Amino acid sequence: ENVLLDKDQNLKLIDFGLCAKPKGGMQAHLYTSCGSPTYAAPELILGKKYL
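Spelled out as structure tokens, the structure:
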């Protein structure tokens with residue numbers, strides 16, 4: 001539902017409301033969360049670090 005096609009059939013990604021680049025770079029482990037727990041990854045629910 002977050003993908004659109006333009007008139008030339010090119011994919012366009014939309015809805016980056018929860019996107020962010022971590023201050024420590026893209027390889028830094030994260031410990032915070034946002035969004036719906038229903039769709040959260042298991043490591044997030046268990047309080048483990050993730051990329």
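Using the UniProt record's numbering, you'd call the opening residue of the sequence shown number 1 and step up by one each time.
Here a beta-carbon is modelled for each residue, glycine too, at the ideal position from N, C-alpha and C.
All values derive from a computational prediction rather than experimental measurement.
C-beta contact flag for residue i and residue j at 7 Å
i, j, result
"leucine 4", "isoleucine 14", "yes"
"serine 36", "leucine 44", "no"
Coarse secondary structure for residue i, derived from DSSP in three states
i, result
"leucine 5", "strand"
"leucine 44", "helix"
Residue i - partner residues in DSSP beta bridges
i, result
"lysine 12", "Leu4"
Closest residue to residue i among the options (Cα-Cα distance)
i, options, result
"residue 140", "Asp8, Lys7 and Lys12", "The chain is shown from 1 up to 51; residue 140 falls before or after that span and cannot be answered."
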